[in-house]
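Heads up, our numbering is the position in the sequence shown plus 2, with the first residue counted as 1. Beneath this line is the structure, given in C-alpha cells, with notes to follow.
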Amino acid sequence: MQVERCNAKPLTLAEQQELAKLKVMIDRAVADGVITSNEMTTIKATIAADGKVLIEELDLVRELIRAKIDRGEIVYDWS
C-alpha cells in the first residue's frame, strides 16, 4: 500500500545523517538475531533525543525490527 504524506517536507542534511546513524544502530542491534530490551531502550532514546520523532525513524523501526520479529527473523528478548 502506498502511503502519501501530503505535508511532508524533504529531510534536512542533519535529519538524513541522524537517520543514517539510527539505521546503523538498528543493524548492529539485530545482527545477532536478538533485540534486547536495553537495545530497544537505546534506540527509542536516540529517536527522541532531538525532541522530535520523524516518520522516517518510525518506518526504520517498523521495517528493520518489527517486521523481522513478525517474520521470525529476529527474537525480542524481554529480559
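Using N, Cα and C, we set each Cβ at its ideal position, and we do this for glycine too.
Thr38: first and last residue of the uninterrupted beta strand (DSSP E) it sits in: 36-38
Compute the Euclidean distance between the alpha carbons of Val26 and Trp80, then round it to the nearest angstrom. Val26 and Trp80 have their C-alpha atoms spaced approximately 22 Å apart.
Between the CA atoms of Asn9 and Met3 - distance to the nearest angstrom: Summary for Met3: the model assigns pLDDT 45, below 50, so the residue's position carries little reliability, and this model does not support an answer.
Count the other CB atoms within 10 Å of the CB of Ile67; is the residue buried (16 or more) or exposed (fewer)? buried
Where Gln19 and Ser39 are concerned, what is the direct C-alpha to C-alpha distance, given to the nearest angstrom? 25 Å
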